[in-house]
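This report concerns only the one structure given below.
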Amino acid sequence: MFFWCAALLTASLGQVCQAQILIGQTAGFTGPVGAGVKETTDGARLYLDSINAKGGIGGQKIELISLDDKFDPKLAAENARKLIEEKNVVAMFLTRGTPHTEAVIPLLDKYAVPLVGPSTGAMVLHQPVQKHVFNVRAPYQREAEKAITHLSSMGISRIAIIYTDDSFGTDGLTGAQKGMATAKRTLVALEKINRAKPDFTALAPKIQQSNAQAVIIIASGQTVAEGLQALRAAGSAAQIVTLSNNASSGFIKSLGDSGRGMIVTQVFPSERSIAYSLVKEALELVKAKQQTELSPAMLEGFAAAKILVEGLRRASPQPSREKLQAALEGIGKLDIGGLEVTYNANDHSGLDFSDLSIIGTDGKFKR
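Numbering (mature numbering (1 follows the signal peptide of the UniProt record, and there is no 0)), first residue to last: -19 to -1, 1 to 348.
Quick look at the structure:
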């Protein structure tokens, strides 16, 4: 369990630690998505800390309470219950995973709690509109479709897909199939894997025998890393592609040298593109904190935090769940630094940005 509080020492002495504006988060800080979750949360804290350093929102500081759900949907729901019922958070923030976020939605609806920036691009969170969910990143389907279009433009016709057997995997597969239909291609192999216990023993040789030129793996970072190793061990030299849920520095490190050349879709501009004031602002704060780098995952958290803070400002003074809900739906269009977010009562989609990157020889994402 992760619990951060400004008065940690006081709490350790047995006194209750209360923040003025409490925000709740449940995500897999440990488990297969731990590296990405940490980076996304670090990016959010980068911005929240800068706001708190200036006095917070109307003199009230924002306190993010983060609980580890170990990437387990049932634990995610229980964590959300504790945060909403016991901690009385104003909003939920940066959940991670499609089935995990789906497990939280009944609680959001029961207590009218807004969720800002779920770290998932599942279409089920976009259409139909989920009343209390305010998306920031673009949908997975758009990413997968763009990846297929890119591969087709390179002359790659023999494409295989490996996907996680859950709502996230199925969602990404739908987008990839749209891309295949547009490109007038047929998959040479389609395989699903168990989310909790992926096994590539029989699957990797089947992909190799299909003679696939490219393999799209729609899964968590740890599973993609295992799949890559298994495919290479089976003799496949196919181009590997994965989605932006794996756009973290930690993911690259997990791949080692074998990760070079992997294509990773992105839902934010390059973390080095200062043409976007969003990126420039984040880089300046990274430098001020003497941190080493800004990753795509950090940029996602940073952008989500900017939207959360904007909502809280509009809901002031004394932001409440109801006031924040109304404030977010009243945003209309908002420029967060070269990217425009759109929210109203009938549209909680957020951004509409997608791009492709490749892991370079220096272990960084290249555009």
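Beta carbons are placed, not taken as given, at the ideal position from N, Cα and C, and that holds for glycine.
In this structure residue 148 is buried. Its beta-carbon is surrounded by 16 or more other beta-carbon atoms within 10 angstroms.
Rounded to the nearest angstrom, the gap between the Cα atoms of residue 184 and residue 304 is 51 Å. Straight through space, the alpha carbons of residue 182 and residue 256 are spaced by roughly 45 Å. Comparing alpha-carbon positions, the option among 171, 217 and 282 lying closest to residue 199 turns out to be 171. One thing to note: residue 188 has its Cβ no nearer than 8 Å to the Cβ of residue 209.
Boundaries of the beta strand (DSSP E) harbouring residue 44: 43 to 49, taken from the DSSP string. Here residue 135 is exposed. Its C-beta has fewer than 16 other C-beta atoms within 10 Å. By DSSP's assignment, residue 4 forms a beta bridge with 45 and 72. With a cut-off of 8 Å on Cβ pairs, the segment 264 to 277 is not in contact with the segment 129 to 146, counting fewer than three such pairs. With fewer than 16 other CB atoms across the displayed protein chains lying within 10 angstroms of its CB, residue 294 is exposed. For residue 132, the enclosing alpha helix (DSSP H) covers residues 121 to 134. Here the alpha carbons of residue 178 and residue 327 stand approximately 38 Å from one another. CA-to-CA, the gap between residue 115 and residue 215 works out to about 42 Å. Counting along the chain, residue 301 sits inside no beta strand (DSSP E), nor does DSSP assign it H or E at all. Within the same chain, and ignoring the five residues on either side of residue 13 in sequence, the residues whose Cβ sits closer than 8 Å to its Cβ are 52, 201, 202, 203 and 204.
Taking 8 Å as the cut-off, the beta carbon of residue 160 is found closer than this to the beta carbon of residue 130.
In the DSSP assignment, residue 146 falls outside any beta strand (DSSP E), carrying neither H nor E.
Taking the CA atoms as reference points, residue 103 sits about 6 Å from residue 152.
Comparing alpha-carbon positions, the option among 289, 79 and 220 lying closest to residue 73 turns out to be 289. Comparing C-alpha distances from residue 191 to each of 47, 96, 11 and 218 shows the shortest one belongs to 218. In terms of Cα proximity to residue 1, the closest of 27, 26 and 46 is 46.
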